[in-house]
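Taking numbering that gives the first Met the number 0, the leading residue of the sequence shown gets 0, the next gets one more, and so forth.
Below is one structure, written out as structure tokens, with a few remarks after it.
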Amino acid sequence: MTRVPTYDHDGLTFDVRDRGPADGDPVVLLHGFPERAEAWRKVEPLLHEAGLRTLAPDQRGYSPGARPPRRHDYTVDRLVGDVVALIERLGRPVHLVGHDWGSAVGWSVAQRHPALVRTWTAVSVPHPGAFVRAVATSRQVLDSWYMLAFQLPYLPERVLARPDVPARLQRSAGMSAEDAERFRVGMVEGGALRGGIGWYRALPFAARHATGGDKVRVPTTMVWSDRDRFVGRRGVELTPAYVAADYRLVELAGVSHWIPTQAPEALATAVLERIAS
0 MTRVPTYDHD
10 GLTFDVRDRG
20 PADGDPVVLL
30 HGFPERAEAW
40 RKVEPLLHEA
50 GLRTLAPDQR
60 GYSPGARPPR
70 RHDYTVDRLV
80 GDVVALIERL
90 GRPVHLVGHD
100 WGSAVGWSVA
110 QRHPALVRTW
120 TAVSVPHPGA
130 FVRAVATSRQ
140 VLDSWYMLAF
150 QLPYLPERVL
160 ARPDVPARLQ
170 RSAGMSAEDA
180 ERFRVGMVEG
190 GALRGGIGWY
200 RALPFAARHA
210 TGGDKVRVPT
220 TMVWSDRDRF
230 VGRRGVELTP
240 AYVAADYRLV
250 ELAGVSHWIP
260 TQAPEALATA
270 VLERIAS
């Protein structure tokens with residue numbers, strides 16, 4: 000099988016971490032904010048040991064060749080299109096896994112393009128419809144305060160680029176020192192910060208569609224951790240109503256939001272059990 004180190008879509012070029020057995024069943028891994036494809040570095044080898052091939056793209060706004068300037072360039076439709084283009088480049092359905100924003104996009108891929116997704120594992124972030132309902136009925140609106148703050152122009156980039164921010168992320172957001180340093184190098188120095196925030200700035204253009212559409216009809220696993228400071232339990236509890244297929248919830252105790260790097264073994268096990276099902 001031919002490796003896919005890059006692919007083109009919508010006039011942009013995306014970098015991909017294509018690793019593991021070249022002839023293995025493909026697993027597409029979608030990262031979240033403020034991380035890049037390397038967020039999967041501890042999960043990838045565990046999937047490779049099971050004979051799976053992993054493809055983790057640096058998504059829109061993160062890949063150096065895929066950083067358009069406008070808010071409209073980061074709508075969910077475009078983000079979904081980027082993932083679909085990668086799967087179509089492979090020429091076969093994939094097992095899909097997404098964390099944080101990657102989970103939000105993955106839900107839409109599984110919902111709109113079920114023929115391209117064999118199994119779906121959502122990590123940390125529940126179905127968008129469930130999330131919107133949780134915002135209206137729980138303290139999720141307080142946990143998501145930063146989504147509103149990111150609508151401001153320029154200021155969020157300036158604040159997050161300050162030298163003391165990695166240490167603050169480590170202390171307040173539950174990030175490890177290693178991941179906080181990777182944020183500084185990959186997001187700030189790597190020039191991906193504005194593009195990553197662009198996903199949030201495009202939310203007003205997509206919010207009205209968040210609860211619409213058919214249910215997800217792909218075998219689904221939701222992985223959530225009880226020390227997540229950004230995503231509360233309510234949205235997770237509401238998610239089964241949006242899935243019309245085999246569904247499983249895996250709750251990790253004592254783990255923060257950053258599941259792929261803080262609980263890679265448990266996450267890999269959940270992914271492999273979903274694939275085996």
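Where is the CB? At the ideal position from N, CA and C, for every residue including glycine.
message: Just to confirm the assignment, what range does the beta strand (DSSP E) spanning residue 224 have?
response: The sequence position of residue 224 within the sequence shown is 225, counting from 1. First-last of the beta strand (DSSP E) with residue 224: 219–224.
query: Where does residue 98 fall in DSSP's three states?
result: For the purposes of this step, residue 98 is taken as residue 99 along the sequence shown, with counting starting at 1. Note: residue 98 maps to strand in three-state DSSP.
query: With DSSP run on the structure shown, which of helix, strand or coil describes residue 230?
result: Residue numbering aside, residue 230 sits at position 231 when the sequence shown is read from its first letter. Coil at residue 230, not helix or strand.
- prompt: Do residue 226 and residue 244 come within 8 Å of each other at the CB atom, strictly closer than that value?
  reply: Taking the sequence shown and counting its residues from 1, the one referred to as residue 244 is at position 245. Taking the sequence shown and counting its residues from 1, the one referred to as residue 226 is at position 227. Not in contact: residue 244 and residue 226 (Cβ atoms no closer than 8 Å).
field: Counterpart residues of residue 53 in DSSP-defined beta bridges
entry: Within the sequence shown, numbered from 1, the residue matching residue 53 stands at position 54. BP columns for residue 53 point to 18 and 26.
- prompt: Can you give the Cα-Cα distance for residue 234 and residue 199, rounded to whole angstroms?
  reply: The residue given as residue 234 occupies position 235 in the sequence shown. The residue given as residue 199 occupies position 200 in the sequence shown. Near 19 Å, if we compare the C-alpha coordinates of residue 199 and residue 234.
- prompt: Ends of the beta strand (DSSP E) at residue 250?
  reply: As a position in the sequence shown, residue 250 is number 251, starting the count at 1. First-last of the beta strand (DSSP E) with residue 250: 246–251.
task: Please report how far the alpha carbon of residue 76 lies from the alpha carbon of residue 58, in whole angstroms.
output: Along the sequence shown, one-based indexing puts residue 76 at 77. Along the sequence shown, one-based indexing puts residue 58 at 59. Distance between the alpha carbons of residue 76 and residue 58: 14 Å.
- request: Given a cut-off of 8 Å, decide if residue 276 and residue 218 are closer than it, judged by their beta-carbon atoms.
  value: Taking the sequence shown and counting its residues from 1, the one referred to as residue 218 is at position 219. Taking the sequence shown and counting its residues from 1, the one referred to as residue 276 is at position 277. Yes. Within cutoff.
message: Considering only DSSP beta bridges, list what residue 7 is partnered with.
response: Position 8 of the sequence shown, counted from the first residue, corresponds to residue 7. Answer is 12.
message: Give me the DSSP bridge partner(s) of residue 121.
response: Within the sequence shown, the letter at position 122 stands for residue 121. In the DSSP output, where bridge partners are listed per residue, residue 121 has 97 and 221.
- request: Could you check if residue 94 is buried or exposed, using at least 16 other CB atoms within 10 Å of its CB as the buried criterion?
  value: Counting from 1 along the sequence shown, the entry for residue 94 is found at position 95. So residue 94 ends up on the buried side.
message: Given a cut-off of 8 Å on the beta-carbon distance, is the pair residue 98 and residue 62 in contact?
response: Taking the first residue of the sequence shown as 1, we reach residue 98 at position 99. Taking the first residue of the sequence shown as 1, we reach residue 62 at position 63. Not a contact, by the Cβ cut-off of 8 Å.
field: Which residues DSSP lists as bridging residue 215, in chain order
entry: Indexing the sequence shown from 1 puts residue 215 at position 216. In DSSP, residue 215 forms a bridge with 242.
- request: Just the C-alpha distance for residue 259 and residue 220, rounded to the nearest angstrom, thanks.
  value: Position 260 of the sequence shown holds residue 259. Position 221 of the sequence shown holds residue 220. Their Cα atoms are separated by approximately 15 Å.
- prompt: Is residue 42 helix, strand or coil when you go by DSSP?
  reply: One-based indexing of the sequence shown puts residue 42 at position 43. Looking at residue 42 - three-state DSSP - the assignment turns out to be coil, as it is neither helix nor strand.
- request: List the whole-angstrom C-beta distance separating residue 13 from residue 195, where the pair is believed to meet the contact cut-off of C-beta under 8 Å.
  value: For this step, residue 13 is matched to residue 14 along the sequence shown. For this step, residue 195 is matched to residue 196 along the sequence shown. Contact flag wrong, Cβ pair sits at about 14 Å.
- request: Pull up the CB-CB distance for residue 103 and residue 67, whole angstroms please, since I reckon it's below 8 Å.
  value: As a working note, residue 103 is residue 104 in the sequence shown. As a working note, residue 67 is residue 68 in the sequence shown. In fact, because the Cβ distance is near 19 Å, the residues do not count as touching under 8 Å.
message: Strictly under 8 Å for the Cβ-Cβ distance: is residue 18 near chain C by that measure?
response: No chain C appears in this structure, which consists of one protein chain only.
query: Taking just the CA atoms, how far does residue 222 sit from residue 257?
result: The sequence position of residue 257 within the sequence shown is 258, counting from 1. The sequence position of residue 222 within the sequence shown is 223, counting from 1. Taking the straight line from one Cα to the other gives about 11 Å.
query: What is the residue span of the alpha helix (DSSP H) that residue 37 lies within?
result: Within the sequence shown, the letter at position 38 stands for residue 37. Per DSSP, residue 37 belongs to no alpha helix (DSSP H) and is neither H nor E.
- prompt: By the 10 Å Cβ neighbour count, where 16 or more other Cβ atoms means buried, how is residue 145 classified, buried or exposed?
  reply: Numbered from its first residue, the sequence shown carries residue 145 at position 146. Burial call: exposed.
message: Let me confirm a value: residue 71 is counted as buried when at least 16 other C-beta atoms fall within 10 Å, else exposed. Which label applies?
response: Residue numbering aside, residue 71 sits at position 72 when the sequence shown is read from its first letter. Classification for residue 71: exposed.
message: DSSP three-state label for residue 254, please.
response: Residue 254 sits at position 255 when you count from the first residue of the sequence shown. Three-state DSSP puts residue 254 in coil, outside helix and strand.
- request: Give the range of the alpha helix (DSSP H) segment to which residue 146 is assigned.
  value: Residue mapping note: residue 146 aligns to position 147 of the sequence shown, counting from 1. Run containing residue 146: 144–148, per the alpha helix (DSSP H) assignment.
message: Quick check: what's the CA-CA separation for residue 15 versus residue 0?
response: Here residue 15 refers to the residue found at position 16 when the sequence shown is read from its first residue. Here residue 0 refers to the residue found at position 1 when the sequence shown is read from its first residue. The alpha-carbon atoms of residue 15 and residue 0 are separated by roughly 15 Å.
- request: Could you check the C-alpha separation between residue 133 and residue 229 for me, to the nearest Å?
  value: Position 134 of the sequence shown, counted from the start, is the residue given in the question as residue 133. Position 230 of the sequence shown, counted from the start, is the residue given in the question as residue 229. So the two alpha carbons sit approximately 12 Å from each other.
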